[in-house]
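Undergrad: Mind having a look at this structure? Questions to follow.
There are 2 protein chains.
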Amino acid sequence: MAERLEIRLAGSGGQGIILAGVILAEAAGIHEGKYVCQTQSYGPQARGGSAKAEVVISEEEIDYPQASQPEVLLCLSQKACDTYVFDLPPEGLVIVDSGLVPQLPTTKAVGLPFTKIAREQIGREMLANIVALGALAVLTRVVSLKSLEAAVLARVPQGTEALNRKALDAGVQAARRYLKSKPEKT
Amino acid sequence: MAERLEIRLAGSGGQGIILAGVILAEAAGIHEGKYVCQTQSYGPQARGGSAKAEVVISEEEIDYPQASQPEVLLCLSQKACDTYVFDLPPEGLVIVDSGLVPQLPTTKAVGLPFTKIAREQIGREMLANIVALGALAVLTRVVSLKSLEAAVLARVPQGTEALNRKALDAGVQAARRYLKSKPEKT
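Heads up: the sequence lines are chains C and L, in that order. Per my numbering, numbering of the first sequence is gapless, rising by one per residue and ending at 645. Per my numbering, numbering of the second sequence is gapless, rising by one per residue and ending at 645.
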């Protein structure tokens, strides 16, 4: 992993973006012992129903906790994608829910149907955030799947562990299928 | 409210400190339309089981999202109190769980038995964080009780709404009793 990696998760309120940010941060910070800052900002725009969480993961102590130029952007809405894609560097990675973001920003963007997978394979649309985290871990390798699963299970409501584990695995499998289908990928 | 108020919540892992930070931020940011940044940091120290969340609430857009000098400190462990009390300004407010922090840092610190209240009045020790939020709202007036309740109910697991509402109210009542017992309080 690079010395400092900034990840931004964005979408609409109710999609579990904040929880996804907390889980990703705890996977890296508690389970892998990295230095992590996790931030969410609210303001008058939060009334419009948008949600954004940022995770900064570093091998060293973090001075400035907010993402200044995220290298990874996960978008669960077209609006989030349209808003934040320009903050990425050219080599940045955009991961989107292809069912909710019909207009991909570039041909390099990775589109996977997180919400559809959550609905059809897990029976719970609201687990799209966990599906997305599984895919993000495979695509970025920023945390191990073991750490991510431990962080997920520590945060989700009691009694939903099996469903969440299944959601995580569905995201992992979707991302692995994507990588296999892209032989030019490094 | 002051133009910018910084609040730090600290304790041990598993006490619901991070969730309390998210709820407080959403009460102010989503339900009251303030500008809010909410941050948690993890690092090698997180393995030691400590947890810390910071909420910066402002009438204006926030440039620097991390608490530089919190005016309000909520501590659910002696260790957290011993670590963070020195960051407060002299007029800062320290609120502690009096059952878990036997050694109050100053005579002005507010000690209330959040965990005992949660255990004895609600029957769920793990709701001490919600009890504490209710008290914090009364003692600081940083958010209205209506906004705080809405934010709590939006975040807690389905089926636990009534218990959480009861926990919030128990914290509110405890803080009101405290204020009544302190006639010199302004």
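Built from N, CA and C at the ideal position, the CB exists for glycine as well.
Taking 7 angstroms as the cut-off, decide whether the C-beta atoms of L:A609 and L:H490 are in contact.
TA: Yes, they are a contact pair.
Undergrad: Between L:Y543 and L:L559, what straight-line distance do the alpha-carbon atoms span, to the nearest angstrom?
TA: In a straight line, the C-alpha of L:Y543 is about 15 angstroms away from that of L:L559.
Undergrad: With a threshold of 7 angstroms on Cβ separation, who are the neighbours of L:T574 within its own chain once the five nearest residues in sequence on each side are excluded?
TA: If we look at L:T574 and ignore the five residues flanking it on each side, its Cβ neighbours are D556, G558, L559, E584 and A587.
Undergrad: In three-state DSSP terms, what is L:T498?
TA: Strand.
Undergrad: With 16 other CB atoms within 10 Å as the buried threshold, where does L:R636 fall?
TA: It counts as exposed.
Undergrad: For the region 493 to 503 of chain L and the region 620 to 639 of chain C, state whether three or more C-beta atom pairs, one from each stretch, are separated by less than 8 angstroms.
TA: Output reads no: the region 620 to 639 of chain C does not touch the region 493 to 503 of chain L.
Undergrad: Can you give the Cα-Cα distance for C:P503 and C:K639, rounded to whole angstroms?
TA: Cα-Cα distance, rounded: 42 angstroms.
Undergrad: So the candidates are L:G475, L:V531 and L:K538; which of them puts its Cα closest to the Cα of L:R463?
TA: L:R463 has its Cα closest to that of L:V531, out of L:G475, L:V531 and L:K538.
Undergrad: Pull up the distance between the alpha-carbon of C:A526 and that of C:L468, whole angstroms please.
TA: Spanning the two alpha carbons is a distance of roughly 11 angstroms.
Undergrad: Can you tell me whether DSSP reads C:G475 as helix, strand or coil?
TA: Three-state DSSP puts C:G475 in coil, outside helix and strand.
Undergrad: Residues of the region 480 to 499 of chain L in Cβ contact with chain C at a cutoff of 8 angstroms, in chain order, please.
TA: Going along the region 480 to 499 of chain L in chain order, one finds V481, A484, E485, A487, G488, I489, G492, K493, Y494, V495, C496, Q497, T498 and Q499 with a Cβ nearer than 8 angstroms to chain C.
Undergrad: Going by alpha carbons, who is nearest to C:E513 out of C:P572, C:L533 and C:P564?
TA: Of C:P572, C:L533 and C:P564, the residue nearest in Cα terms is C:L533.
Undergrad: Return the residue from the list L:G470, L:V601, L:G480 and L:L571 that minimises the CA-CA distance to L:S509.
TA: Checked all of L:G470, L:V601, L:G480 and L:L571; the closest Cα to L:S509 is L:G470.
Undergrad: DSSP three-state label for L:S509, please.
TA: Of the three classes helix, strand and coil, the one that applies to L:S509 here is strand, per DSSP.
Undergrad: Could you check how far apart the C-beta atoms of L:V601 and L:I466 are, in whole angstroms? I think they sit under 8 angstroms.
TA: Indeed they touch by this definition, with Cβ atoms about 7 angstroms apart.
Undergrad: Mind checking if L:A505 is an interface residue toward chain C, Cβ cutoff 7 angstroms exclusive?
TA: Yes, its Cβ sits closer than 7 angstroms to a Cβ of chain C.
Undergrad: Which partner residues of C:I516 appear in the DSSP bridge assignment?
TA: In the DSSP output, where bridge partners are listed per residue, C:I516 has C:L464 and C:V495.
Undergrad: Using a Cβ cut-off of 9 angstroms, pull out every chain C residue sitting near L:Q632, in sequence order please.
TA: Per Cβ cutoff of 9 angstroms: no residues; L:Q632 is ~27 angstroms from chain C at best.
Undergrad: Could you tell me the distance, in whole angstroms, from the CA atom of L:I554 to the CA atom of C:L598?
TA: If I take the Cα positions, the gap works out to 43 angstroms.
Undergrad: Just list the residues that DSSP pairs C:A469 with in beta bridges.
TA: Looking at the DSSP assignment, C:A469 forms a beta bridge with C:K511 and C:C534.
Undergrad: Is the CB-CB distance between C:A486 and C:L607 below 7 angstroms?
TA: Yes, they are a contact pair.
Undergrad: Cβ atoms of L:L571 and L:L633: under 7 angstroms apart, would you say?
TA: The sequence shown places Ala at residue 633 of chain L, not Leu. Against a cut-off of 7 angstroms, the Cβ pair of L:L571 and L:A633 comes out as a contact.
Undergrad: At a Cβ threshold of 7 angstroms, is L:P524 touching chain C?
TA: Closer than 7 angstroms to some Cβ of chain C, the Cβ of L:P524 qualifies, so yes.
Undergrad: With distances taken Cα to Cα, identify the nearest neighbour of C:C540 among C:E519, C:L563 and C:E550.
TA: Here the closest residue by C-alpha is C:L563.
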